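Trainee: Before we start, here is the structure in question, set down as structure tokens.
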Amino acid sequence: MDEEFLRDLFRSLNQIAIRRLFGGQAIYSEGRIVALVIGGTLHLKGDPESEVVYAEAGLDRWTYARPGRAAVNMPYWRFPEDAYDDPDEAERWIAVADAASRRVATQAEGKPGRKTRHRSTGR
48 MDEEFLRDLF RSLNQIAIRR LFGGQAIYSE GRIVALVIGG TLHLKGDPES EVVYAEAGLD
108 RWTYARPGRA AVNMPYWRFP EDAYDDPDEA ERWIAVADAA SRRVATQAEG KPGRKTRHRS
168 TGR
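Written out as structure tokens, the structure is:
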């Protein structure tokens, strides 16, 4: 998607950055991913709380499938088509994704780091 269009769409958020990811684009706010563009389709970040909101609105969840492997449900939902033409509606959905991104980031901060083995001792 056009970067200028995405910046305008996500203008209600702070410190917007758009970077390439998964052959598409990741939209960041304050260093947190709030949305992805995959195959030209915009997907909003979700978590268990926002999943209910997205499901009630009938939004499709992004499912990632690799050949020979089971499909995996990703924590992203398709941006509603009607919100592209309604700035207030777009802002509402982006706020849902931003809140989900904040909750996920807060949860990640509380998790201990991954333990690695020391090369020389194997412990």
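Converting from the sequence shown to our numbering requires adding 47 to each position, the first position being numbered 1. Virtual Cβ for every residue (Gly too), placed ideally from N, Cα, C. Being a predicted model, the structure only gives us computed values, none of them experimental.
Is the Cβ of I63 closer than 8 Å to any Cβ of chain C?
Mentor: The structure shown contains no chain C, having only a single protein chain.
Trainee: How many Å lie between R150 and D132 at the Cα?
Mentor: Between R150 and D132, the C-alpha separation is close to 28 Å.
Trainee: Which parts of the segment 83-132 are runs of the alpha helix (DSSP H), unbroken and 4 residues or longer, counting only runs that do not cross its ends?
Mentor: Counting whole runs of 4 or more residues, the segment 83-132 contains the alpha helix (DSSP H) stretches 95-103.
Trainee: Can you give me the C-alpha to C-alpha distance between M48 and R66, rounded to a whole angstrom?
Mentor: Computed Cα separation, rounded: 12 Å.
Trainee: Looking at R125: is its Cβ nearer than 8 Å to the Cβ of D107?
Mentor: Their beta carbons are under 8 Å apart, which means R125 touches D107 by this criterion.
Trainee: Throw me the rounded Cβ distance for the D94 and A147 pair, which I believe falls under 8 Å.
Mentor: Correct: roughly 4 Å between the Cβ atoms.
Trainee: Using DSSP with H/G/I as helix, E/B as strand and the rest coil, what is L60?
Mentor: Here L60 sits in coil by DSSP.
Trainee: From which residue to which residue does the beta strand (DSSP E) around G71 run?
Mentor: From DSSP, the beta strand (DSSP E) with G71 extends over G71 to S76.
Trainee: If you draw a straight line from the alpha carbon of F69 to that of G87, how long is it in whole angstroms?
Mentor: If I take the Cα positions, the gap works out to 12 Å.
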